[in-house]
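Q: Numbering (the numbering used here), first residue to last: 45 to 336.
Quick one: the structure is below, questions incoming.
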Amino acid sequence: MPKAPPRPSSIPSGSGGPSHRLSWAPGAATMAVTAEGARRKERVLCLFDVDGTLTPARQKIDPEVAAFLQKLRSRVQIGVVGGSDYSKIAEQLGEGDEVIEKFDYVFAENGTVQYKHGRLLSKQTIQNHLGEELLQDLINFCLRYMALLRLPKKRGTFIEFRNGMLNISPIGRSCTLEERIEFSELDKKEKIREKFVEALKTEFAGKGLRFSRGGMISFDVFPEGWDKRYCLDSLDQDCFDTIHFFGNETSPGGNDFEIYTDPRTVGHSVVSPQDTVQRCRELFFPETAHKA
45 MPKAPPRPSS IPSGSGGPSH RLSWAPGAAT MAVTAEGARR KERVLCLFDV DGTLTPARQK
105 IDPEVAAFLQ KLRSRVQIGV VGGSDYSKIA EQLGEGDEVI EKFDYVFAEN GTVQYKHGRL
165 LSKQTIQNHL GEELLQDLIN FCLRYMALLR LPKKRGTFIE FRNGMLNISP IGRSCTLEER
225 IEFSELDKKE KIREKFVEAL KTEFAGKGLR FSRGGMISFD VFPEGWDKRY CLDSLDQDCF
285 DTIHFFGNET SPGGNDFEIY TDPRTVGHSV VSPQDTVQRC RELFFPETAH KA
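In structure tokens form, the structure reads like this:
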């Protein structure tokens, strides 16, 4: 498999074809980044999704994965971009505010809440962008739709209001892990979230809203342009040679799809935290990749 290409200084819009999307296969030692490039810490960034990429969905990071990330940080800068709010990301990736000490960049809520080197840079709010009238129309439609859904179980927190998005969960975010898994299996068969999103797209066509699924039980609603690519605009000024993005929801409709296919990133589709670690070993520690 070819080496991951360096990020060009300028890329025409629309050039993000499959040539820069990478999928790892066993024995792909040729994907190694040169030692010289990997050591230039200030020029290479590894940007990670959270759920399914660094942690199991809504669970804490494995200590071995956390330790590897700090080893990786000795060679490149590292960051996370998640759809969850900052408190959830912090809870999953450390204790207290450790996350902003262990990662050079933390982008919560798709990057509408931004931390760099431990400092809050900016925060955007969906209510200021959409306006109260459209926001209430959206919330009311979702509540009516979910009221008519008959599911094996319903719990609480069906709509979570975040700074940069609304998170909609037909079963309710307060469900247990077992109930989460049960809903996820049902959703795969009956396309509950997919049908919900299609209804929203029809109802709010032309209103500047976008929808993406993430995790096992919910989907996000946010203004057009406020997907995970939002964080890339602030990274442009830091002039990285290459931004590697690792995510698991990289197919169309997934909340990693847009940033994964963006020409400003080298995209890597992963299936688990362990897969993420192995991919990074292939890229940045080729001398030890097959000894793990």
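Ideal Cβ placement from N, Cα and C applies to all residues, glycine included.
Span of the beta strand (DSSP E) holding Gln322?
A: Not the beta strand (DSSP E): Gln322 falls in the alpha helix (DSSP H), residues Pro317 to Phe328.
Q: In or out: Ala73 buried (at least 16 other Cβ within 10 Å) or exposed?
A: No answer about Ala73 holds up, because its pLDDT of 41 lies below 50 and its placement is not dependable.
Q: Apply the 10 Å Cβ neighbour rule to Gly257 and answer buried if 16 or more other Cβ atoms are within range, or exposed otherwise.
A: The identity of residue 257 in the sequence shown is Arg, whereas the question assumes Gly. Classification of Arg257: buried, given that the 10 Å Cβ count is 16 or more.
Q: Identify every residue that forms a DSSP beta bridge with Asn184.
A: In the DSSP output, where bridge partners are listed per residue, Asn184 has none listed.
Q: Could you give the distance in angstroms between the alpha-carbon of Ala110 and the alpha-carbon of Leu137?
A: Rounded to whole angstroms, Ala110 to Leu137 spans 8 Å at the Cα level.
Q: Mind checking Thr294: buried by the 16 CB within 10 Å criterion, or exposed?
A: Flag for Thr294 reads buried.
Q: Near Thr201, which residues of its chain fall below 6 Å by C-beta distance, leaving aside the five closest residues on each side in sequence?
A: The residues are Gly216, Arg217 and Ser218.
Q: In whole angstroms, what is the alpha-carbon distance linking Val88 and Tyr159?
A: Their backbone Cα atoms lie some 18 Å apart in a straight line.
Q: Identify the continuous beta strand (DSSP E) that holds Leu121 and give its terminal residues.
A: Checking the sequence shown, residue 121 turns out to be Gln, not Leu. Looking at the DSSP string, the run of the beta strand (DSSP E) that includes Gln121 is Gln121 to Val125.
Q: Where does the unbroken alpha helix (DSSP H) through His173 begin, and where does it stop?
A: Its alpha helix (DSSP H) spans residues Ile170 to Leu174.
Q: With H, G and I counted as helix, E and B as strand and the rest as coil, what does DSSP make of Ala152?
A: DSSP places Ala152 in strand when its eight states are reduced to three.
Q: Would you kindly work out how many angstroms separate the C-alpha atoms of Ser59 and Arg194, rounded to a whole number?
A: At Ser59, the pLDDT of 38 sits below 50, so the modelled position is not reliable and the matter cannot be decided from this model.
Q: Which two residues bound the contiguous beta strand (DSSP E) that contains Gln158?
A: From DSSP, the beta strand (DSSP E) with Gln158 extends over Val157 to Lys160.
Q: By alpha-carbon positions, which one of Pro267, Gln281 and Lys235 ends up nearest to Gly250?
A: Out of Pro267, Gln281 and Lys235, Pro267 has the C-alpha closest to the C-alpha of Gly250.
Q: Could you tell me which of Glu177, Glu142 and Pro196 sits nearest to His161, measuring between CA atoms?
A: Out of Glu177, Glu142 and Pro196, Glu142 has the C-alpha closest to the C-alpha of His161.
Q: Give me, in chain order, the residues of the same chain whose beta-carbon lies closer than 6 Å to that of Phe92; leave out the 5 immediate sequence neighbours on both sides.
A: Result list for Phe92: Leu98, Val124 and Phe290, in chain order.
Q: Looking at the structure shown, is Lys115 part of a helix, part of a strand, or coil, going by DSSP?
A: Correct three-state label for Lys115: helix.
Q: Determine which residues share a DSSP beta bridge with Thr286 and list them.
A: The partner list for Thr286 (beta bridge, DSSP) reads Val88.
Q: Three-state secondary structure (DSSP) at Arg206?
A: Reduced to three states, the DSSP call for Arg206 is coil.
Q: Straight-line CA distance for Asp306 to Arg273?
A: Answer to the nearest angstrom: the Cα atoms are 8 Å apart.
Q: For Gln171, which residues in the same chain have their Cβ closer than 7 Å to its Cβ, ignoring the five residues on either side in sequence?
A: Taken in chain order, the residues that qualify are Leu179.
Q: Here's the rule I'm using: 16 or more other beta-carbon atoms within 10 Å means buried, otherwise exposed. How should Ala79 be labelled?
A: Below a pLDDT of 50, predicted positions are generally treated as unreliable, and Ala79, at 49, falls in that range; the measurement from the model is reported next regardless. With fewer than 16 Cβ atoms within 10 Å of its Cβ, Ala79 is classed as exposed.
Q: I need the boundaries of the beta strand (DSSP E) containing Arg224, first residue and last residue.
A: No beta strand (DSSP E) contains Arg224, which is instead part of the alpha helix (DSSP H) from Leu221 to Glu234.
Q: Since Phe255 sits in a beta bridge, which residues does DSSP pair it with?
A: For Phe255, which the question treats as bridged, DSSP gives the partners Val265.
Q: Flag Asp280 as yes if its beta-carbon sits less than 8 Å from any beta-carbon of chain B, otherwise no.
A: Of the chains in the structure shown, none is chain B; there is only one protein chain.
Q: Straight-line CA distance for Cys186 to Asn299?
A: Cα to Cα, the separation comes out at about 19 Å.
Q: For Pro317, count neighbouring Cβ atoms within 10 angstroms of its own Cβ and tell me buried if that reaches 16, exposed if not.
A: Burial call: buried.
Q: From the DSSP output, read off the bridge partner residues of Gly298.
A: Per DSSP, Arg257.
Q: If you measure between the beta carbons of Ile337 and Leu230, is that distance less than 8 Å?
A: The displayed coordinates of the chain run from 45 to 336. Any statement about residue 337 would go beyond what the structure contains.
Q: Consult DSSP for Thr305 and reduce its assignment to one of helix, strand or coil.
A: In this structure, Thr305 counts as helix in the three-state DSSP scheme.
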